[in-house]
Amino acid sequence: MSLRDLAEIFLQRGWVFTHEAVRDWEARFAPLMADQLRSKRRGQAGRSWYVDETYIKVQGKWCYLSRAIDRDSNLVASMLSQKRNMDAAKRFFQQAARTVGHAPKRVITDGHDSYPRAIRETLGGEVLHQCNHYLNNLLEQDHRGIKQRYYPMRGFGNFTSAARFCRAAG
């Protein structure tokens, strides 16, 4: 649903505003809602995390949206990064642990080279790391929700708006 569609739906119900007003509201309130949801996740995530990344196009270049969910498909953390390297992996795991307030007992990934060292250095050596493409099917299916909202837009105009979308959409 586009912003123009949303403004038109409200117009049919007697509310008059433009699609630009909706965009302004999104820019103002999406970060607040994301922060509120993030605070509610504190201490709620399970002890097994499924970690994967998907591609998001920003200004014609591919960026990486890293996401982690627990066994019950609850979002642990998400982070948009321009690179898929060791620094990005470390930042992601630090953010995930900070968001939920604890480290996991087990992390399942797709086997990217940066993950073993990043997990060991940020979450600790006692965290079990499993590389298995098939165990991550849960998260691959979870990416669909992001992709369905992202595809009609055909990419983002700038990194800031893309990061805001990814924080709010999960």
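According to UniProt numbering, the sequence shown is numbered sequentially starting from 1. For glycine and all other residues, C-beta sits at the position ideal for the given N, C-alpha and C.
Limits of the unbroken beta strand (DSSP E) element including residue i
i: Arg106; result: Arg106 to Thr109
Three-state class that DSSP yields for residue i in the structure shown
i: Asp72; result: coil
i: Glu53; result: strand
i: Trp62; result: strand
i: Leu138; result: helix
i: Phe156; result: strand
i: His129; result: strand
i: His19; result: helix
Proximity winner among the options, relative to residue i (alpha-carbon distances)
i: Leu80; options: Ala7, Gln59 and Thr54; result: Thr54
i: Arg167; options: Thr109, Asn132, Ala30 and Lys105; result: Ala30
i: Phe165; options: Gln12, Phe10, Arg28 and Leu6; result: Arg28
i: Leu75; options: Trp62, Trp49, Tyr64 and Arg91; result: Trp49
Limits of the unbroken alpha helix (DSSP H) element including residue i
i: Leu11; result: Leu3 to Gln12
i: Leu118; result: Checking the sequence shown, residue 118 turns out to be Ala, not Leu. Tyr115 to Leu123 is the span of the alpha helix (DSSP H), which, as asked, contains Ala118.
Beta-bridge partners of residue i, as assigned by DSSP
i: Arg67; result: Asp52 and Ser78
i: Gln94; result: None, per the DSSP bridge assignment.
Pairing CB atoms from the segment 95-104 with CB atoms from the segment 67-85, are three or more of them under 8 Å? yes
Is it a yes or a no for the segment 126-142 touching the segment 65-75, going by three-plus beta-carbon pairs under 8 Å? yes
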